[in-house]
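full-length UniProt numbering applies: residue 1 is where the sequence shown begins, and numbers increase by one.
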Amino acid sequence: MKFNVGDEVIVLDDSFSGRVKAYKNGKVIIETTDGFELVFEENELVKNHNSGELKSFFSKQSLGSVIREKEEPKKRSFVKEKKSRKDEFVLEVDLHIEKLVPSKRGMSNYDILTLQSETAKRQLDFAIKNRMQKIVFIHGVGEGVLKAELDFLLGRYEGIDFRDADYQKYGLGATEVFIRQNVDRR
1 MKFNVGDEVI VLDDSFSGRV KAYKNGKVII ETTDGFELVF EENELVKNHN
51 SGELKSFFSK QSLGSVIREK EEPKKRSFVK EKKSRKDEFV LEVDLHIEKL
101 VPSKRGMSNY DILTLQSETA KRQLDFAIKN RMQKIVFIHG VGEGVLKAEL
151 DFLLGRYEGI DFRDADYQKY GLGATEVFIR QNVDRR
């Protein structure tokens, strides 16, 4: 028994405290500061040492202020920093069928290519809509069918340029798309 009747306790993983009122069948019964009686396991409670040993740790702060500080979310700073072009976000879309569906069982080559093309179109439209400057499609090497389909799709868009992506980073199987932002799109 690590608590005595009358001990001040704090409930772990919750935001209230109380005083130990009794033990019953291995459970600790506490009375909250609001007057409710609640039952907890011993490992769900911690003694509230409002004086003595903890005061030396929190010399000028009370235990309550430390607990409140832990509970209150920190206010975020929204100072906008100018980022260099090196730090810009690049959307990478892996078009390998294994990354798009849990199992390709039962899918024909036509179904697979259609799904890959639709995914590329949807992601490109998303990038344009959200004014992203660059997107990389990872298509792999293979027989070149997906790359040809991707080149055909990209050729239908105005305001974009595309080329083979960085060989050192992606190898031969990727296409990099640059989206010009000053083009009026409807």
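C-beta atoms are modelled at their ideal positions from N, C-alpha and C, and glycine is treated no differently.
Could you tell me whether the Cβ of residue i comes closer than 7 Å to any Cβ of chain D?
i	result
Val20	This model lacks chain D altogether; it includes just one protein chain.
Contact defined as beta carbons within less than 8 Å: I believe residue i pairs with residue j. What is the distance between those atoms, to the nearest angstrom?
i	j	result
Asn48	Val9	6 Å
Asp94	Ile138	5 Å
Thr119	Leu100	6 Å
Can you say whether residue i is buried or exposed, counting buried as having 16 or more other CB atoms within 10 angstroms of its CB?
i	result
Gln168	exposed
Ala127	buried
Gln181	exposed
His96	exposed
Lys147	buried
Leu124	buried
Phe162	buried
Leu12	exposed
Within a Cβ cutoff of 8 Å, which residues of the same chain sit near residue i, ignoring the five residues on either side of it in sequence?
i	result
Gly171	Val141
Asp34	Phe16
Please work out which residues of its chain come closer than 7 Å, Cβ to Cβ, to residue i, disregarding the five sequence neighbours upstream and downstream, and give them in chain order.
i	result
Ser117	Glu149, Leu153
Asn43	none
Can you give me the Cβ contacts of residue i inside the same chain, cut-off strictly under 6 Å, excluding the 5 residues immediately before and after it?
i	result
Asp87	For Asp87, the pLDDT reaches just 49, beneath the cut-off of 50, and the residue's location in the model is therefore unreliable, leaving the point undetermined.
Asp7	Val20, Lys47
Phe16	Thr32
On the DSSP bridge list, what partners appear for residue i?
i	result
Ile30	Val20, Leu38
Thr175	Phe137, Asp164
Quick one, are the C-beta atoms of residue i and residue j less than 7 Å apart?
i	j	result
Arg19	Glu37	no
Glu98	Val136	no
Val39	Lys27	yes
Lys134	Phe178	yes
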